[in-house]
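Asker: The working numbering numbers the first residue of the sequence shown as 321 and each following residue consecutively.
Input: one structure, supplied below.
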Amino acid sequence: MPDTDTYLAAIERDSARIAELVERAPDAVVPGCDGWTLTDLAAHLGGVYRFVARLVEERIDGPPTSGFPSGPDGDGLAWFREASGIVLAQLRATPPDTPMWTWTERNDAGFYHRRQAHESLVHRLDAEGAVGEFTDVDDALAVDAIREVLDVGYRYSLSRPDRSYPASTLHLHRTDGEGEWLLRGVGDGFEVTEEHAKGDAAVRGKAVQLLLFLWGRGRDGCEVFGDETVADAWAALAP
């Protein structure tokens with residue numbers, strides 16, 4: 321797993337990249353995000369940043385009573401840049417082992433360092449998709465993001481607490497380095513093992529392509545083998 325400095329550097333880098341693209345093409349439509357423009361994406365992520373910064377600052381010890389703040393009517397880009405600075409300042413000032421509430425079984429500030437790094441990464445890729453200009457993704461960060469969305473995004477949801485899991489197996493195979501995962505529906509939940517095994521369907525692709533698939537951004541660049549409806553059913557669990 322990457323260390324805290326890596327996560328913080330990723331948030332800073334990816335939020336700056338998003339701001340750059342919003343400034344250049346504010347009305348560009350973001351693929352796979354329900355018709356959002358880049359301005360909409362910045363408003364969403366700026367709200368997430370401010371929400372998380374407040375949780376960390378307050379050392380919250382239970383579920384929050386308020387949600388994400390809405391973006392401003394005026395200069396949304398300035399608001400987003402300010403939000404990224406606020407969350408970075410709070411995360412830098414808070415050791416990862418600081419106890420605090422999260423919506424998972426991990427209850428420390430390190431959860432938010434990791435979560436915001438991957439939130440920023442996925443939305444940076446969204447923003448780059450809007451303009452068709454992609455920059456490199458660190459291999460270790462991409463693999464950690466896959467593990468994180470399976471550990472967190474597919475298991476815990478504040479907005480979809482009653483979702484059900486497919487009674488099927490899906491094999492994910494990374495093609496640009498080591499990394500294989502088998503997802504298996506078990507009762508009311510699911511389990512993940514990192515192994516080479518045959519599933520009812522298999523999705524092969526680079527780490528960043530598998531990450532976007534798991535986040536419900538489609539299968540671009542991926543190969544699907546076996547029952548495609550199985551792959552679609554698992555992708556429908558995306559946060």
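For every residue, glycine included, the Cβ atom is placed at its ideal position computed from N, Cα and C.
Computed from a predicted structure; not experimentally measured.
Assess contact between the stretch 336-346 and the stretch 440-455, defined as three or more Cβ pairs (one per stretch) separated by less than 8 Å. Is contact present?
Answerer: The stretch 336-346 is in contact with the stretch 440-455.
Asker: In its own chain, which residues sit with a C-beta less than 8 Å from the C-beta of L328, not counting the 5 before and 5 after it?
Answerer: As a working mapping, residue 328 is identified with position 8 in the sequence shown. If we look at L328 and ignore the five residues flanking it on each side, its Cβ neighbours are L408, L411, R412, H433, A437.
Asker: What does DSSP give as the partner residue(s) for E468 in the beta ladder?
Answerer: Within the sequence shown, residue 468 is the residue found at index 148, counting from 1. Note: E468 sits in no beta bridge, so no partner.
Asker: What does a CB cutoff of less than 7 Å around D428 pick up in its chain, not counting 5 residues either side in sequence?
Answerer: By 1-based counting over the sequence shown, the position of residue 428 is 108. Closer than 7 Å at the Cβ level, and outside the excluded window around D428, lie P416, D417, T418, P419, M420.
Asker: Sort D552, V544, F400 by Cα distance to D334 and report the nearest one.
Answerer: Within the sequence shown, residue 334 is the residue found at index 14, counting from 1. Residue F400 is the option with its Cα nearest to D334.
Asker: Using three-state DSSP, classify T414 as helix, strand or coil.
Answerer: Against the sequence shown, residue 414 aligns to sequence position 94. Looking at T414 - three-state DSSP - the assignment turns out to be coil, as it is neither helix nor strand.
Asker: Starting from F431, trace the alpha helix (DSSP H) in both directions and tell me its first and last residue.
Answerer: Within the sequence shown, numbered from 1, the residue matching residue 431 stands at position 111. Residues 429-451.
Asker: Where do the ends of the alpha helix (DSSP H) carrying R337 lie?
Answerer: On the sequence shown, position 17 is the one that residue 337 refers to. Start and end: 324-344.
Asker: Which residue comes first and which comes last in the beta strand (DSSP E) that contains G525?
Answerer: Taking the sequence shown and counting its residues from 1, one reaches residue 525 at position 205. From DSSP, the beta strand (DSSP E) with G525 extends over 521-525.
Asker: Assuming the contact rule is C-beta atoms closer than 8 Å, A527 and G546 should be a hit. Round their C-beta distance to whole Å, please.
Answerer: Indexing the sequence shown from 1 puts residue 527 at position 207. Indexing the sequence shown from 1 puts residue 546 at position 226. So it is not a contact: roughly 21 Å between Cβ atoms.
Asker: According to DSSP, F400 sits in a beta bridge with which residue or residues?
Answerer: Within the sequence shown, residue 400 is the residue found at index 80, counting from 1. DSSP lists no partner for F400.
Asker: By a C-beta neighbour count over all protein chains shown, 10 Å radius and 16 as the cutoff for buried, is E439 buried or exposed?
Answerer: To locate residue 439, count along the sequence shown from 1; it is residue 119. Buried is the call here.
Asker: Specify, as a first and last residue, the run of the beta strand (DSSP E) that L557 falls within.
Answerer: What you label residue 557 is simply residue 237 of the sequence shown in a count that begins at 1. Where L557 is concerned, there is no enclosing beta strand (DSSP E), given that its DSSP letter is neither H nor E.
Asker: Give the single residue among F510, T414, R504 whose Cα lies nearest to the Cα of D520.
Answerer: Taking the first residue of the sequence shown as 1, we reach residue 520 at position 200. Among F510, T414, R504, the Cα nearest to that of D520 is on R504.
Asker: In the structure shown, what three-state DSSP assignment does F533 receive?
Answerer: Here the question's residue 533 lines up with position 213 in the sequence shown. Note: F533 maps to helix in three-state DSSP.
Asker: Which partner residues of R504 appear in the DSSP bridge assignment?
Answerer: The sequence position of residue 504 within the sequence shown is 184, counting from 1. Note: R504 sits in a beta bridge opposite T489, E511.
Asker: So for T424, helix, strand or coil by DSSP?
Answerer: As a working mapping, residue 424 is identified with position 104 in the sequence shown. Looking at T424 - three-state DSSP - the assignment turns out to be coil, as it is neither helix nor strand.
Asker: Could you give the DSSP three-state label for R475: helix, strand or coil?
Answerer: Along the sequence shown, one-based indexing puts residue 475 at 155. DSSP places R475 in coil when its eight states are reduced to three.
Asker: Check whether the Cβ atoms of T495 and R524 lie closer than 9 Å to each other.
Answerer: Position 175 of the sequence shown, counted from the first residue, corresponds to residue 495. Position 204 of the sequence shown, counted from the first residue, corresponds to residue 524. Yes, they are a contact pair.
Asker: What are the residues that DSSP puts in a beta bridge with G582?
Answerer: The structure shown does not extend to residue 582, since the chain is modelled only from 321 to 559, so the question has no answer here.
Asker: Which one of A555, D381, E468, A363 has the shortest CA to CA distance from T489?
Answerer: Position 169 of the sequence shown, counted from the start, is the residue given in the question as residue 489. It is A555 whose Cα lies nearest to the Cα of T489.
Asker: Identify whether G394 lies in helix, strand or coil by the three-state DSSP scheme.
Answerer: For this step, residue 394 is matched to residue 74 along the sequence shown. The answer is coil: DSSP assigns G394 none of H, G, I, E or B.
Asker: So what does DSSP say about E378, is it helix, strand or coil?
Answerer: Locating residue 378 in the sequence shown gives position 58, where the first residue counts as 1. Note: E378 maps to coil in three-state DSSP.
Asker: Quick one: is V506 buried, meaning 16 or more other Cβ sit within 10 Å of its Cβ, or exposed?
Answerer: Within the sequence shown, numbered from 1, the residue matching residue 506 stands at position 186. Exposed, because fewer than 16 other Cβ atoms sit within 10 Å of the Cβ of V506.
Asker: So the beta strand (DSSP E) F545 belongs to, where does it begin and stop?
Answerer: Taking the sequence shown and counting its residues from 1, the one referred to as residue 545 is at position 225. Note, F545: beta strand (DSSP E), 543-546.
Asker: What does the Cβ neighbour count give for V472, buried or exposed, with the cut at 16 atoms within 10 Å?
Answerer: If you number the sequence shown from 1, residue 472 lands on position 152. Classification of V472: buried, given that the 10 Å Cβ count is 16 or more.
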